[in-house]
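**Q** Input: one structure, supplied below.
Residue numbers (my numbering), protein chains in the order written: chain L, 3 to 278; chain W, 3 to 278; chain X, 3 to 278; chain B, 3 to 278.
As structure tokens, then:
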């Protein structure tokens with residue numbers, strides 16, 4: 003497989019994976035607004051997931067194999083066999099977080115710890131899967147006023163910023179998200195947003211959990227065409243590459259280490275009945 | 003209130019709180035082993051919680067007001083009114099993590115986010131409250147062989163190391179905990195343990211979650227007199243002081259910010275039906 | 003010594019040091035603008051250091067013993083004996099960073115590693131001492147247009163935010179500092195600023211270096227009365243308390259560990275001529 | 003360019019760069035011991051740099067273009083034009099750190115901030131370039147007794163651990179490095195070492211500085227054949243790939259932002275004479 007298959011983003015070749023087989027991406031979307039509100043359908047006629055898929059495909063071409071999944075499908079479209087074949091999961095939800103079954107939240111958490119990447123988009127801040135992995139409330143301030151957002155890079159040289167030439171990029175009309183954003187301090191802070199109405203926000207945050215990598219990315223809303231924006235698509239594509247499984251296996255299963263790695267001549271004995 | 007009321011630990015006065023009213027500490031203990039195993043009762047005749055309380059009292063005197071709570075009490079001894087009057091919660095559990103009700107786990111998580119400190123001790127790594135706040139599996143390797151542990155300081159000058167004169171301290175006989183320890187990367191790594199049998203462990207880790215401060219401290223086991231050890235008592239006392247609620251309020255409740263802080267002349271309108 | 007001696011900030015007693023002897027603070031100021039520009043003298047007639055001293059004194063009363071030092075004094079007012087008696091050093095400089103001798107920069111760096119706190123204020127981002135301790139360029143974007151700044155809290159519950167009731171505070175007219183700010187990722191990000199002109203900035207950042215604690219705080223400029231602002235004074239006072247030396251000694255001097263802590267029966271021999 | 007050109011490490015293709023042109027690596031070695039001590043020459047007959055080069059070449063094949071540089075060459079072999087053509091710099095030094103000119107230290111620091119990766123190996127902890135970029139003393143404890151070292155992975159899934167199947171790897175005879183290691187808290191802690199003699203050490207640490215990525219890796223000594231060890235070679239190769247320049251440009255040069263990005267109707271005026 004050659005670098006050149008990635009149409010228009012050859013720069014990516016310099017730093018990211020050129021997998022010998024495509025990276026398997028699953029895009030999960032709540033997919034309610036697009037069916038109930040004409041204004042949303044006008045922007046995302048086939049659903050936000052379809053627009054995200056088109057954007058990823060444009061950025062990464064054959065390097066990714068994309069499938070989509072939505073809330074109303076059996077198992078929300080993310081049965082175990084789907085997750086087992088997913089390298090990176092994108093998540094978008096807004097008004098129906100509570101309808102996601104705890105069983106699927108358990109499964110997503112487990113798979114992230116085992117190495118699956120997770121890209122939590124916009125209102126996914128309040129999703130069960132993101133909150134489960136953060137351990138905090140993940141709430142924030144918001145306002146829907148079509149105001150200007152300017153995202154400043156605070157981590158130049160991070161793979162997620164690949165291809166961004168300037169110190170910032172702008173979105174002309176967005177929903178505002180403002181601090182305080184109730185998350186653990188991110189491992190790396192990639193973007194901070196400025197909003198015309200007076201707020202700031204940590205808009206690009208990375209977290210490692212177990213073997214998995216998580217990227218929270220703020221932009222996106224059902225009533226603005228954010229996911230049609232080329233720079234937003236580029237950042238999401240970068241994040242997908244960055245979050246791909248890598249490195250050593252996951253060593254998360256606890257176990258008793260006997261015999262010891264080193265000799266322990268005077269070792270004591272334990273009482274098995276103390277342990278379950 | 004004067005510094006001098008803290009018997010024997012005047013050094014603490016230099017850096018920690020001298021509260022005008024005592025710091026309210028609740029020590030939670032599963033309290034099963036001590037009643038079912040003679041060997042454990044021999045070491046902790048009144049329960050691990052009683053030994054922890056005596057140690058804290060010795061270190062901090064009138065600066066703390068201590069209460070204890072155990073699994074079998076109604077609401078596990080930590081009903082809302084108890085948590086509401088708790089500045090710092092210590093947690094010890096081992097074989098009955100599953101018996102802690104989700105309702106109390108929810109309550110502890112909420113109170114930590116609001117500012118209550120949490121000290122998770124030893125096998126509390128696998129407790130529901132710690133796992134909930136971490137978002138990871140929190141498993142590790144272990145061995146019970148009465149082996150030597152040496153805890154090295156990796157953050158000199160951190161308040162939790164107050165009063166430790168040397169680069170390390172030793173525990174002659176401990177249960178081993180070894181990496182990989184499946185936690186998010188700690189905000190600050192205070193201690194790394196060396197074990198005679200060949201393992202290492204991140205034994206002192208701080209985490210901020212919401213307004214709350216969390217300290218995980220590895221030492222302690224039901225069959226070794228770890229909590230009678232003076233240095234262990236000192237570190238726990240330091241951690242209690244460090245984890246005391248401080249700073250601004252918690253701003254974790256999301257809300258809509260209207261009107262905007264700055265004028266937005268061309269602002270758009272949102273469709274209320276899109277939101278719950 | 004009693005908590006109540008701290009006039010008007012009794013809340014501090016809850017979390018910070020009530021030293022048995024006062025905390026020794028040295029305020030360093032370049033002290034050039036105030037003597038050469040009438041507009042600056044009008045705001046800071048006795049120098050920025052005098053205003054900072056008055057603010058600290060107002061906030062912390064007898065809990066601090068303050069001295070000041072300026073560039074033109076012998077050894078810039080910070081000879082070794084002064085540094086040896088300094089618990090926390092505040093630094094303000096702007097146009098004469100290059101005139102600070104490397105000898106004094108060496109001394110400040112060494113003392114910070116040994117435990118002295120350092121509060122770097124505003125244009126001290128480009129000072130030799132701050133750049134030395136960061137290892138990066140520490141440059142940023144700026145604009146002097148008397149624009150509004152709003153500082154958002156991103157770490158509620160941090161001691162540096164003690165006494166701040168709201169989610170943010172405002173400064174009506176400031177010099178703008180904008181990202182990218184070329185610093186290592188801070189250990190803790192306390193404030194992010196919003197500026198009317200369109201920028202954001204990491205305005206409150208903590209760093210541990212050796213045993214010492216460093217706080218960078220953005221507000222402050224010679225042509226605006228920022229250091230007369232009560233909230234700014236409060237944050238600086240909080241930071242002074244937070245940065246006070248604490249914890250274990252500094253273990254920064256390398257050395258050969260012989261004999262080994264544990265027996266090494268088959269140990270090898272080293273060739274001393276390989277080492278200096 | 004195809005993945006398959008990387009002989010024997012096809013697994014790397016899954017996550018790392020397949021550059022369309024080779025990654026340019028410069029290996030810097032003090033190169034003194036190998037010429038003055040027979041025991042060192044026996045292990046590294048052509049210099050440590052030659053062994054490192056052979057190892058990298060074995061791991062990465064045509065994906066890297068390697069050059070070497072040593073202390074005694076003009077400009078220490080790293081004149082500006084060499085650095086300008088270097089994507090990742092490896093650094094090994096031990097007894098002659100002081101002989102490295104400050105001019106070259108300045109140049110390396112500047113290039114790292116601009117995006118060049120830096121791999122600091124073993125005794126490079128005390129090199130001028132590493133200390134400059136850290137801002138701390140970087141000292142540690144040591145012992146040369148041919149003792150066993152076991153490196154535990156604390157960041158499973160990190161690209162630097164690619165290809166490591168187990169939870170740890172061992173080196174049978176090494177020089178010991180022990181805590182306290184006087185570095186800023188690393189951005190990511192990848193390995194912790196256990197030593198037979200009783201110490202622990204943060205042996206794999208990442209740091210971002212400006213646009214550049216830095217990896218400190220402990221193993222390696224002139225009198226042990228550490229750099230002939232296949233796993234050590236693998237980790238260094240992984241680190242080279244990870245540290246390759248990526249992402250957005252470096253925005254480290256400060257500048258005045260005029261006109262403002264947003265209209266400032268009531269803006270103030272600055273006095274140019276206040277600024278240099």
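A virtual CB, placed ideally from N, CA and C, is assigned to each residue, including glycine.
1. Given that residue 136 (chain L) touches chain W, what residues does it touch there, using C-beta distances under 7 Å?
2. Pull out every residue of the stretch 249 to 271 of chain X whose Cβ sits closer than 9 Å to any Cβ of chain W, in chain order.
3. Would you report the Cα separation of residue 265 (chain B) and residue 198 (chain X), rounded to the nearest angstrom?
4. Tell me which residues of the stretch 183 to 196 of chain X have at least one Cβ-Cβ distance to chain L shorter than 8 Å, keeping chain order.
5. Go ahead and pull the three-state DSSP assignment for residue 171 (chain X).
6. Between the stretch 118 to 149 of chain B and chain X, which residues of the former have a C-beta closer than 7 Å to a C-beta of the latter?
7. Find the nearest neighbour of residue 88 (chain L) within the set L:99, L:149 and L:110, judged by alpha-carbon distance.
8. Are the C-beta of residue 7 (chain B) and some C-beta of chain L separated by less than 9 Å?
9. Using beta carbons (cut-off 9 Å, strictly below), is residue 91 (chain B) in contact with chain L?
10. Less than 9 Å between the C-beta atoms of residue 219 (chain L) and residue 241 (chain L), yes or no?
11. Could you give the first and the last residue of the continuous beta strand (DSSP E) run that contains residue 59 (chain W)?
12. Taking 9 Å as the threshold (C-beta atoms), are residue 202 (chain L) and residue 93 (chain X) in contact?
13. Provide the residue(s) that pair with residue 193 (chain L) in DSSP beta bridges, ordered along the chain.
14. Throw me the rounded Cβ distance for the residue 270 (chain B) and residue 75 (chain X) pair, which I believe falls under 8 Å.
15. Hey, how far is the Cα of residue 230 (chain B) from the Cα of residue 56 (chain B)?
16. With residue 169 (chain L) and residue 46 (chain X) assumed to form a contact (beta carbons below 8 Å), what rounded beta-carbon distance in angstroms separates them?
17. May I have the straight-line CA-CA distance separating residue 250 (chain W) from residue 49 (chain B), to the nearest angstrom?
18. Provide the residue span of the alpha helix (DSSP H) that contains residue 90 (chain W), from first to last.
19. Shorter than 8 Å, the distance from the beta carbon of residue 258 (chain X) to the closest heavy atom of the ligand NAP, or not?
20. Keeping to the same chain, check which residues put their C-beta closer than 6 Å to that of residue 95 (chain W); ignore five residues upstream and five downstream.
21. Is there a Cβ from chain W that is less than 9 Å from the Cβ of residue 210 (chain X)?
22. Please report how far the alpha carbon of residue 260 (chain W) lies from the alpha carbon of residue 204 (chain L), in whole angstroms.
23. Given a threshold of 16 other Cβ atoms within 10 Å of its Cβ, counted over all protein chains shown, does residue 8 (chain B) qualify as buried or as exposed?
24. Using DSSP's beta-bridge definition, name the partner residues of residue 29 (chain X).
25. Out of L:157, L:146 and L:98, which one is the CA nearest neighbour of residue 131 (chain L)?
26. Could you tell me which of B:254, B:137 and B:245 sits nearest to residue 254 (chain X), measuring between CA atoms?
27. Got a sec? Which residues, its chain only, sit under 8 Å from residue 25 (chain W) by beta carbon, not counting five neighbours each side?
28. Going straight from the alpha carbon of residue 272 (chain L) to that of residue 35 (chain W), what length do you get?
29. So, helix, strand or coil for residue 223 (chain B), using DSSP?
30. Per DSSP, what are the beta-bridge partners of residue 178 (chain B) in this structure?
31. Opposite residue 216 (chain L) in the DSSP bridges: which residues?
32. For residue 233 (chain L), which residues from the same chain have a beta carbon less than 6 Å from its beta carbon, with the 5 sequence-adjacent residues on both sides left out?
33. Could you please tell me which residues of the stretch 222 to 240 of chain W, in chain order, have their CB closer than 8 Å to any CB of chain L?
34. Taking C-beta pairs closer than 8 Å, name the residues in chain L that residue 216 (chain B) reaches, listed in chain order.
35. When the distance is taken between beta carbons, is residue 160 (chain X) closer than 9 Å to residue 192 (chain X)?
36. Can you find the residues in the same chain that come closer than 7 Å, C-beta to C-beta, to residue 17 (chain W), ignoring five residues on each side of it along the sequence?
**A** Looking at the atomic coordinates:
1. 137
2. 249, 250, 251, 252, 253, 254, 263 and 264
3. 8 Å
4. 183, 187, 190, 191, 194, 195 and 196
5. strand
6. 134, 135, 136, 137, 138, 139, 141, 142, 143, 144, 145, 146, 147, 148 and 149
7. L:110
8. Low confidence applies here, because residue 7 (chain B) scores a pLDDT of 29, under 50, leaving its location unreliable and the question unanswered by this model.
9. no
10. yes
11. Element bounds for residue 59 (chain W): not the beta strand (DSSP E) but the alpha helix (DSSP H), 50 to 62.
12. no
13. L:155 and L:206
14. 33 Å between Cβ atoms; not a contact.
15. 9 Å
16. Actually they are not in contact, since the Cβ atoms of residue 169 (chain L) and residue 46 (chain X) sit about 33 Å apart, beyond 8 Å.
17. 58 Å
18. First-last for residue 90 (chain W): 90 to 94, but that is the beta strand (DSSP E), not the alpha helix (DSSP H).
19. The ligand NAP is not among the ligands present in this structure, which contains no ligands whatsoever.
20. 32, 126 and 129
21. yes
22. 21 Å
23. With a pLDDT of only 32 at residue 8 (chain B), under the threshold of 50, the placement of this residue in the model should not be trusted; the figure read from the coordinates follows. When all chains shown are included, residue 8 (chain B) counts as buried.
24. X:70 and X:92
25. L:98
26. B:137
27. 19, 62, 65, 66, 67, 89, 90, 242, 243 and 246
28. 14 Å
29. strand
30. B:145
31. L:120 and L:209
32. 171
33. 224 and 225
34. The contacting residues do not exist; residue 216 (chain B) stays about 11 Å from chain L at best.
35. yes
36. Confidence at residue 17 (chain W) is low in this model, with a pLDDT of 35, below 50, so its placement is unreliable and the value that follows should be read with caution. For residue 17 (chain W), where only same-chain residues beyond five positions count, the Cβ hits under 7 Å are 161 and 164.
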